[in-house]
Amino acid sequence: MNEHRLRRDPDPPQQRRTEMRVRPTGPIVPSANVSGHALMCVIAIMSFLACLTLGGVSMVRATAQSWQSQISREITIQIKPDENLDMEKALADARDLALTFPGTTGGNIIDRAATARLLEPWLGGGLDLDELPVPRLIVITIDENNPPDFAAMRKALTETIPEAFLDDHRTWVDRLVAMANTTTMIGTGVLALVFSAMVLTVVFATRGALSGNRHIVEVLHFVGAEASFVASEFQKHFLRISLKGAGAGGLLAALSFAVASFWQSRTLATPETDQATALFGTFAIGYTGYLGIFAIIIVIALLTTLTARLTVTRTIYEIDLIRSDPGRTDTYQG
Numbered sequence: 171m172n173e174h175r176l177r178r179d180p181d182p183p184q185q186r187r188t189e190m191r192v193r194p195t196g197p198i199v200p201s202a203n204v205s206g207h208a209l210m211c212v213i214a215i216m217s218f219l220a221c222l223t224l225g226g227v228s229m230v231r232a233t234a235q236s237w238q239s240q241i242s243r244e245i246t247i248q249i250k251p252d253e254n255l256d257m258e259k260a261l262a263d264a265r266d267l268a269l270t271f272p273g274t275t276g277g278n279i280i281d282r283a284a285t286a287r288l289l290e291p292w293l294g295g296g297l298d299l300d301e302l303p304v305p306r307l308i309v310i311t312i313d314e315n316n317p318p319d320f321a322a323m324r325k326a327l328t329e330t331i332p333e334a335f336l337d338d339h340r341t342w343v344d345r346l347v348a349m350a351n352t353t354t355m356i357g358t359g360v361l362a363l364v365f366s367a368m369v370l371t372v373v374f375a376t377r378g379a380l381s382g383n384r385h386i387v388e389v390l391h392f393v394g395a396e397a398s399f400v401a402s403e404f405q406k407h408f409l410r411i412s413l414k415g416a417g418a419g420g421l422l423a424a425l426s427f428a429v430a431s432f433w434q435s436r437t438l439a440t441p442e443t444d445q446a447t448a449l450f451g452t453f454a455i456g457y458t459g460y461l462g463i464f465a466i467i468i469v470i471a472l473l474t475t476l477t478a479r480l481t482v483t484r485t486i487y488e489i490d491l492i493r494s495d496p497g498r499t500d501t502y503q504g
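Okay, structure coming up:
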């Protein structure tokens, strides 16, 4: 009976469970040897700088377009004071005359209090406009797509009210367009330089990290692993490193813009915020800016991965050349 049981069950249950246990497999590329911490920091820094530059260019371009649009939507009628002129009646007549022209959508007379506030930064508070020969202004809103005939309007105003002067801001618009184009070109050039430096830094940092781990490529190749398999393993490893580094840099840049925008919204009507807004506009980069940051992250990840694959493939090619001709060892090691 016992012999029959031993024949049917030769191995004890504990021994069978031990034989069926599968040993966990580790990665082909050891993370301890190819840690890539320095490469990750380099990628994060370059990603942060590239994203900041992209956001800055987008912000300047949006601000310039906003300035240009605001100036193009308005014209100004200036009436100089005169002893024999009823200023309030002249202002109303000039506004009504301007609104008779097709292409005008509205008119607003700048009152005395608003005029005093406009002059306050230069002449101080408590101004008495009756004692100063200060011109009065009328702001006429126009249709950008169908502007009025400025020459005919200027002629009609001059004939009706000789003290009136029409300013269509054409000179300012031309100067602003030139300044906006120049600023955008400078910003685009800076972005191109930063992106080029990022590309070169990522490529050389990746190649440096791989050159320090050439022995892993050699071992894998000598045990029979195909070049495509070795390259794909390194490619996966460096893809993770680049995604972590580029993601950290891009997230930090996006957070910087979000914090700056929040600070600007919470400190409105202060001298510092007003000056920053006048120079740079709002610090919000919009969804297009955040899409640009995401695109930079993807480009950096793909660039690092492609560099790793090409470097590993070239290393295996050099190893095969050295095995076929040992005399080339010094050449490729150098």
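Numbering (my numbering), first residue to last: 171 to 504. Glycine residues also receive a C-beta, built at the ideal position from the N, C-alpha and C atoms. Every value quoted in this text rests on a predicted model; they were computed, and no experiment measured them.
1) In the structure shown, what three-state DSSP assignment does Leu255 receive?
2) For Gly382, which of helix, strand or coil comes out of DSSP?
3) Excluding the 5 residues flanking Val373 on each side, which residues of the same chain have their C-beta closer than 6 Å to its C-beta?
4) Quick one: what does DSSP say Arg243 is sitting in, helix, strand or coil?
5) Would Gly420 pass as a contact of Ile463 if the rule is Cβ separation under 8 Å?
6) Quick check: the Cα distance between Asp179 and Ala395, rounded to an integer number of angstroms?
7) Can you find the residues in the same chain that come closer than 6 Å, C-beta to C-beta, to Leu390, ignoring five residues on each side of it along the sequence?
8) Could you have a look at Ser494 and say whether DSSP puts it in helix, strand or coil?
9) Given that a residue counts as buried once 16 or more other Cβ atoms are within 10 Å of its Cβ, and exposed if not, what is Val212?
10) For Val227 versus Gly357, is the C-beta distance shorter than 8 Å?
11) Report back the beta-carbon spacing between Val347 and Gln238 to the nearest angstrom; my notes put them in contact at under 8 Å.
12) Near Thr376, which residues of its chain fall below 7 Å by C-beta distance, leaving aside the five closest residues on each side in sequence?
13) In three-state DSSP terms, what is Asp266?
14) Taking only the alpha-carbon atoms, compute the straight-line gap between Val343 and Ser242 and give it to the nearest angstrom.
15) In the structure shown, what three-state DSSP assignment does Phe335 receive?
16) Quick one: give me the first and last residue of the alpha helix (DSSP H) that Ile411 is part of.
17) For Tyr457, which of Met216, Leu224, Ala214 has the nearest alpha-carbon?
18) Identify, in the order they occur along the chain, each residue of the same chain with its Cβ nearer than 6 Å to the Cβ of Ala416, setting aside the five sequence neighbours on each side.
19) Under a Cβ-count criterion, where at least 16 other Cβ atoms within 10 Å of its own Cβ denotes burial, should Met355 be classed as buried or exposed?
20) Verify whether the separation of the beta carbon atoms of Lys250 and Glu329 is less than 8 Å.
21) Flag this pair as yes or no: are the beta carbons of Ala262 and Ile331 separated by less than 8 Å?
22) Does Ile279 come within less than 8 Å of chain C when only Cβ atoms are used?
23) If you draw a straight line from the alpha carbon of Leu288 to that of Ala362, how long is it in whole angstroms?
24) Among residues of its own chain, excluding the 5 on either side of Thr275, which ones have a beta-carbon nearer than 8 Å to its beta-carbon?
25) Going by the DSSP bridge assignment, what does Gln248 pair with across the sheet?
26) With a threshold of 16 other CB atoms inside 10 Å of the CB of Leu222, please say whether the residue is buried or exposed.
27) When burial is assigned at 16 or more other CB atoms within 10 Å of the CB, is Pro303 buried or exposed?
28) So for Gly226, helix, strand or coil by DSSP?
29) Quick check on the DSSP output: the beta strand (DSSP E) that includes Thr274 runs from which residue to which?
30) What does the Cβ neighbour count give for Glu290, buried or exposed, with the cut at 16 atoms within 10 Å?
31) Report all residues from its chain with a CB closer than 6 Å to the CB of Asn278; omit the five preceding and five following residues, and keep chain order.
32) Locate the alpha helix (DSSP H) running through Leu302, then write down its first and last residues.
33) Leaving out the 5 sequence neighbours to the left and right, which residues in its chain are closer than 6 Å to Phe271 when beta-carbon positions are compared?
34) Beta carbon of Ala350, beta carbon of Ala234: below 8 Å?
35) Please go through the same chain and pick out, in chain order, the residues whose beta-carbon is closer than 6 Å to the beta-carbon of Val230, but skip the five residues on each side of it.
Concretely, from the data shown:
1) DSSP places Leu255 in coil when its eight states are reduced to three.
2) Coil, per DSSP.
3) Only Thr477 meet the Cβ criterion.
4) Arg243: coil per DSSP, three-state reduction.
5) Contact flag set, yes.
6) Any reading at Asp179 must be qualified, since the residue scores a pLDDT of 49, below 50, and its modelled position is unreliable; no value is offered.
7) For Leu390, same chain residues with a beta-carbon under 6 Å away, outside a window of 5 residues either side, are Val400 in chain order.
8) For Ser494, the three-state secondary structure derived from DSSP is helix.
9) So Val212 counts as buried.
10) Taking 8 Å as the Cβ cut-off, Val227 and Gly357 qualify as a contacting pair.
11) Rounded, the Cβ-Cβ distance is 6 Å, consistent with contact.
12) These residues qualify, in order along the chain: Leu209, Phe408, Thr474, Thr477, Ala478, Thr481.
13) Reduced to three states, the DSSP call for Asp266 is helix.
14) Looking at the two C-alpha atoms, the distance is approximately 7 Å.
15) Correct three-state label for Phe335: strand.
16) That run of the alpha helix (DSSP H) goes 397-436.
17) Shortest Cα-Cα distance from Tyr457 to any of Met216, Leu224, Ala214 involves Leu224.
18) Cβ within range, chain order: Ile213, Ser217, Ile467, Ile470, Ala471.
19) So Met355 ends up on the exposed side.
20) Going by C-beta atoms, Lys250 is not nearer than 8 Å to Glu329.
21) The Cβ-Cβ distance between Ala262 and Ile331 does not fall below 8 Å.
22) As a matter of chain content, chain C is missing from the structure shown, which is built from one protein chain.
23) Cα to Cα, Leu288 sits roughly 41 Å from Ala362.
24) Correct list, in chain order: Thr311, Ile312, Asp313.
25) DSSP, once it has assigned bridges, lists Leu307, Phe335 as partnering Gln248.
26) Classification for Leu222: buried.
27) The residue in question, Pro303, is exposed, as its Cβ has fewer than 16 Cβ neighbours within 10 Å.
28) Correct three-state label for Gly226: helix.
29) Note, Thr274: beta strand (DSSP E), 274-279.
30) Flag for Glu290 reads exposed.
31) Setting aside the 5 residues that flank it on each side, Asn278 is surrounded in the same chain by Val309, each with a C-beta closer than 6 Å to its C-beta; the list follows chain order.
32) Careful: Leu302 lies outside any alpha helix (DSSP H) and carries neither H nor E.
33) Take Phe271, set aside five residues on each side of it, and the residues of its chain with a beta-carbon closer than 6 Å to its own are Pro318, Met323, in chain order.
34) Yes, Cβ-Cβ distance for Ala350 and Ala234 is below 8 Å.
35) Once the five neighbours on either side are set aside, the close Cβ partners of Val230 are Thr353, Gly357.
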